[in-house]
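Q: Numbering (our numbering), first residue to last: 70 to 237.
Provided herewith is a single structure, encoded as structure tokens, for subsequent inquiry.
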Amino acid sequence: MSVAAVTYRAGTPEDGAAMLSIHTRAIEFVAVRDYGEEMARSWAHGLTIEGYARSMADGEIFEVAVCDGRVVGFCGYKNDEICGLYVDPDFGRRGIASRLLERALRTLQDRGHRRVKVDSSITASPFYRQRGFRVIRERTRMTRGGMEIPTVDLEWHAPDAQTFTGTG
Ligand SMILES: CC(C)(COP(=O)(O)OP(=O)(O)OC[C@H]1O[C@@H](n2cnc3c(N)ncnc32)[C@H](O)[C@@H]1OP(=O)(O)O)[C@@H](O)C(=O)NCCC(=O)NCCS
Numbered sequence: 070m071s072v073a074a075v076t077y078r079a080g081t082p083e084d085g086a087a088m089l090s091i092h093t094r095a096i097e098f099v100a101v102r103d104y105g106e107e108m109a110r111s112w113a114h115g116l117t118i119e120g121y122a123r124s125m126a127d128g129e130i131f132e133v134a135v136c137d138g139r140v141v142g143f144c145g146y147k148n149d150e151i152c153g154l155y156v157d158p159d160f161g162r163r164g165i166a167s168r169l170l171e172r173a174l175r176t177l178q179d180r181g182h183r184r185v186k187v188d189s190s191i192t193a194s195p196f197y198r199q200r201g202f203r204v205i206r207e208r209t210r211m212t213r214g215g216m217e218i219p220t221v222d223l224e225w226h227a228p229d230a231q232t233f234t235g236t237g
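Right under this line is the structure:
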């Protein structure tokens, strides 16, 4: 299947079940390679279908990637922060997360944000770095399952607007 078959749209509360599945599978099959079973389980612990609708009601915006009618990836962002970026492991490394992030950054810039933050997994940190984010600090975060797991704070800065310096 080619990336051309993937479309993008705003996420809705009805996407909750698909997002839960992607979220859980991305942690359990991809991030587990960096975190190990125990931390991955603790990270995925407590995720619910309703949680996404609650986040939406709290102002988080979701973009989803759809392939053949199936939601296969999503990005959530709020204020000046990327809150989550997950792609189903069966659809990884096809540019889906890159496109979701690009769309989120464009919207955030359109809303006037010149700086965007993310508290990234160690798994996604190389992905963000390759897309222009800079590491601010490495730290730990408490999961819903009650375990400290290592994460990385990164920041992206919008490129300076072209300034016309000519005199003519
Ligand atoms: C990180 C993630 C969102 C990337 O999704 P994706 O759709 O596969 O990413 P893309 O195809 O757009 O980009 C892939 C590129 O990112 C980089 N990349 C992605 N994952 C990487 C990893 N684990 N290590 C190093 N580079 C990685 C590579 O440059 C890769 O390009 P390549 O395939 O040419 O080598 C996905 O792997 C995922 O859901 N991971 C687990 C959950 C997670 O940690 N999410 C972030 C929470 S903050």
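Virtual Cβ for every residue (Gly too), placed ideally from N, Cα, C.
I need the boundaries of the beta strand (DSSP E) containing L89, first residue and last residue.
A: First-last for L89: 85-95, but that is the alpha helix (DSSP H), not the beta strand (DSSP E).
Q: Ordered along the chain, which non-local residues of its own chain (more than five positions away) have a Cβ less than 6 Å from that of Y121?
A: Within the same chain, G85, M88 come within 6 Å of Y121 by CB-CB distance, once the 5 residues on both sides are set aside.
Q: Answer yes or no: do R210 and H114 have a C-beta to C-beta separation smaller than 7 Å?
A: Not in contact: R210 and H114 (Cβ atoms no closer than 7 Å).
Q: Between the region 98-110 and the region 187-205, do at least 3 Cβ pairs fall closer than 8 Å?
A: yes
Q: Runs of 3 residues minimum, wholly inside the region 134-182: which ones carry the beta strand (DSSP E) assignment?
A: Those beta strand (DSSP E) runs which fall completely within the region 134-182 and span 3+ residues are 139-147, 150-156.
Q: CB-CB under 8 Å to T93, same chain, minus the five flanking residues each way: which ones, in chain order?
A: A113, L116
Q: Going by C-alpha distance, which of I151, R139, P158, I205 is nearest I96?
A: P158
Q: Let me check you understand the geometry: is the CB of V156 closer than 6 Å to at least one non-hydrogen atom of ligand 1?
A: Result yes, Cβ under 6 Å from ligand 1.
Q: Bridge partners for L223 per DSSP, in chain order?
A: V187, V204
Q: Give me the Cα-Cα distance between P219 and L154, rounded to the nearest whole angstrom.
A: 17 Å
Q: Identify which residue in E217, G181, I130 has its Cα closest to the Cα of M169.
A: Here residue 169 is Leu; the residue named in the question, Met, does not match the sequence. Checking every option, the nearest Cα to that of L169 belongs to I130.
Q: Does ligand 1 have a heavy atom nearer than 6 Å to the CB of P219?
A: no
Q: Name the two residues that bound the continuous beta strand (DSSP E) containing A79.
A: 75-79
Q: Among D179, S167, Y104, R208, whose alpha-carbon lies nearest the alpha-carbon of Y197?
A: S167
Q: At a cut-off of 6 Å, would you count G164 as near ligand 1, judging by its Cβ distance to the nearest heavy atom?
A: yes
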